[in-house]
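In my numbering, the protein residues as written are 10 to 473.
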């Protein structure tokens with residue numbers, strides 16, 4: 010792989026998750042008591058849109074990329090138009106306009122998570138299993154960078170969050186020196202930017218405005234990515250080729266592929282449950298609510314490290330054992346969370362989430378790419394997004410709400426939760442997934458799947 014290709018694909022992954030990492034963690038601040046003061050139910054519906062956006066959008070865009078348009082052009086359209094929708098949502102101040110704009114945006118954005126994977130796999134060719142993890146890790150870095158960047162953007166004059174980090178490391182003096190440099194050299198540039206017409210001082214709505222701006226930039230950048238055309242029609246094909254989605258579903262006849270999709274959907278439910286509950290759990294063990302988001306980046310930092318070891322793990326242990334290790338890390342994480350003490354251990358086990366995410370989801374993406382013929386790779390990745398972030402997110406978010414209410418009680422006027430009961434649910438679900446996967450998944454069947462795939466299609470050229 011050339012250095013130029015590595016850099017281009019790494020920037021793609023960085024921007025893909027940088028855009029998402031700006032608005033998703035901060036949207037609740039915009040919608041809630043700190044700004045628009047929407048009701049809890051309204052906020053819940055708005056946060057559900059990225060789940061609904063993963064139900065239909067990925068299958069449609071996967072079909073477009075596999076059959077009609079070059080993948081990079083589909084992505085350019087999605088991110089450019091999506092960026093404009095985000096900017097429009099920033100200026101909406103009531104529930105329905107925000108909900109509809111975010112729903113439209115997520116139906117454009119969520120499919121591109123699958124398209125970035127399929128474009129990277131196609132561009133890397135036969136070496137994709139070796140090089141994809143080192144490309145994908147830049148998505149995790151992009152998410153972390155988004156949080157650090159937007160924190161500095163909102164608090165550009167005092168950098169209070171960064172001061173707390175330096176103080177924790179007993180580096181108060183170096184921080185004061187850095188802050189003096191920042192205020193003398195960087196703050197005037199920020200102030201000049203904020204003085205421009207239609208910009209103004211930073212506010213919570215900028216999580217959408219800034220993300221929208223970078224989304225448009227990313228959309229333009231997509232046009233520079235390697236040309237990844239759809240599969241050309243063969244002379245023996247009918248005029249209208251079979252739907253790529255239907256061809257992708259034919260892979261379900263192989264039990265290893267089918268069980269991976271089913272287990273991925275169940276794990277998606279667990280993942281949505283985790284994200285819905287973890288903020289409240291960390292607050293319950295004494296973490297400052299303002300710093301919960303920063304503590305949760307421990308997972309992404311761990312993921313960024315773990316991803317680099319995926320090629321070694323797959324080579325040594327294979328797909329099945331690597332994904333089993335990932336699910337096992339989640340089981341350990343939920344087991345410790347059910348115990349609920351000591352707090353330092355609860356924070357430390359956040360690393361297990363990053364470990365599990367990389368070893369299960371990213372390895373699952375690699376297995377799906379290896380299983381699908383080249384002319385349905387985008388649809389195959391879209392199917393994975395559909396079950397994890399679509400069905401899994403919608404079901405998991407709904408279940409989490411009911412479970413939180415069921416295990417809630419009022420003590421001295423404050424709502425408290427029985428976290429042991431809450432975390433037993435995802436723990437048992439994870440153990441069930443591990444059992445199903447261990448009994449049914451056969452890694453050696455990948456040869457049968459590949460042979461069947463190659464009988465339907467031959468690899469096409471990808472422009473660089």
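Where is the CB? At the ideal position from N, CA and C, for every residue including glycine. The structure displayed is predicted, hence computed values, not measured ones.
Nonlocal neighbours in the same chain, by C-beta distance under 8 Å from residue i, ignoring five residues either side
i: residue 386; result: 75, 127, 130, 131, 378
i: residue 217; result: 32, 36, 39, 95, 96, 98, 99
i: residue 214; result: 39, 44, 99, 100
i: residue 69; result: 120
i: residue 144; result: 15, 18, 19, 22, 129, 133
i: residue 154; result: 23, 27, 30
7 Å CB neighbourhood of residue i in its chain, flanking five on each side removed
i: residue 333; result: 443, 446, 447
i: residue 52; result: 37, 40, 41
i: residue 110; result: 94, 97, 98, 101
i: residue 268; result: 445, 446, 449, 450
i: residue 252; result: 72
i: residue 220; result: 28, 31, 32, 95
i: residue 156; result: 30, 34, 302, 306
i: residue 188; result: 168
6 Å CB neighbourhood of residue i in its chain, flanking five on each side removed
i: residue 245; result: Note that residue 245 scores a pLDDT of 42, beneath 50, so its modelled location is shaky; the value from the coordinates is reported in the next line. Result list for residue 245: empty, nothing under 6 Å.
i: residue 312; result: 149, 363, 366, 367
i: residue 257; result: 385, 388, 389, 392
i: residue 338; result: 361, 364, 365
i: residue 85; result: 228, 231, 232
i: residue 89; result: 225, 228
i: residue 468; result: A caution first: residue 468 carries a pLDDT of 47, below 50, which makes its placement in the model too unreliable to give a value.
i: residue 327; result: 452
i: residue 329; result: 450, 452
Alpha-carbon spacing of residue i relative to residue j, whole angstroms
i: residue 171; j: residue 146; result: 24 Å
i: residue 105; j: residue 97; result: 13 Å
i: residue 430; j: residue 310; result: 29 Å
i: residue 229; j: residue 179; result: 43 Å
i: residue 388; j: residue 67; result: 8 Å
i: residue 202; j: residue 210; result: 9 Å
i: residue 123; j: residue 394; result: 6 Å
i: residue 28; j: residue 371; result: 20 Å
i: residue 476; j: residue 91; result: This structure cannot settle anything about residue 476, because the visible part of the chain is limited to 10 through 473.
i: residue 71; j: residue 125; result: 11 Å
i: residue 428; j: residue 416; result: 8 Å
i: residue 199; j: residue 163; result: 11 Å
i: residue 224; j: residue 59; result: 16 Å
i: residue 434; j: residue 421; result: 27 Å
i: residue 197; j: residue 117; result: 36 Å
i: residue 11; j: residue 315; result: 24 Å
i: residue 54; j: residue 183; result: 44 Å
i: residue 359; j: residue 206; result: 42 Å
i: residue 399; j: residue 278; result: 9 Å
i: residue 426; j: residue 413; result: 7 Å
i: residue 270; j: residue 160; result: 37 Å
i: residue 142; j: residue 335; result: 15 Å
i: residue 166; j: residue 191; result: 8 Å
i: residue 294; j: residue 348; result: 12 Å
Residue i, DSSP secondary structure in three states
i: residue 169; result: helix
i: residue 417; result: strand
i: residue 44; result: coil
i: residue 350; result: coil
i: residue 296; result: coil
i: residue 358; result: coil
i: residue 402; result: helix
i: residue 244; result: For residue 244, the predicted structure reports a pLDDT of 43, less than 50, and the residue's modelled location is therefore unreliable. The matter cannot be settled from this model.
i: residue 312; result: helix
i: residue 63; result: coil
i: residue 57; result: coil
i: residue 450; result: coil
Range of the contiguous beta strand (DSSP E) that encloses residue i
i: residue 425; result: 423-426
i: residue 229; result: Where residue 229 is concerned, there is no enclosing beta strand (DSSP E), although the alpha helix (DSSP H) it sits in stretches over 215-231.
N-terminal and C-terminal residue of the alpha helix (DSSP H) that residue i is part of
i: residue 80; result: 80-100
i: residue 283; result: 264-293
i: residue 179; result: Taken as a continuous stretch (DSSP letters only), residue 179 belongs to no alpha helix (DSSP H), as it is neither H nor E.
i: residue 383; result: Residue 383 -> no alpha helix (DSSP H), and no H or E assigned at all.
i: residue 118; result: 104-133
i: residue 160; result: 137-163
i: residue 76; result: 66-76
i: residue 203; result: 196-203
Within-8 Å CB hit, residue i to chain C
i: residue 32; result: Chain labels in this structure do not include chain C; a single protein chain is all it has.
Identity of the residue in the options nearest residue i by Cα
i: residue 352; options: 339, 306, 308, 292; result: 292
i: residue 152; options: 34, 185, 204; result: 34
i: residue 357; options: 318, 307, 139, 331; result: 307
i: residue 25; options: 184, 140, 185, 222; result: 222
i: residue 235; options: 411, 83, 437, 48; result: 83
i: residue 138; options: 205, 350, 320, 275; result: 320
i: residue 238; options: 77, 402, 278, 330; result: 77
i: residue 285; options: 275, 409, 340; result: 409
i: residue 135; options: 48, 212, 375; result: 375
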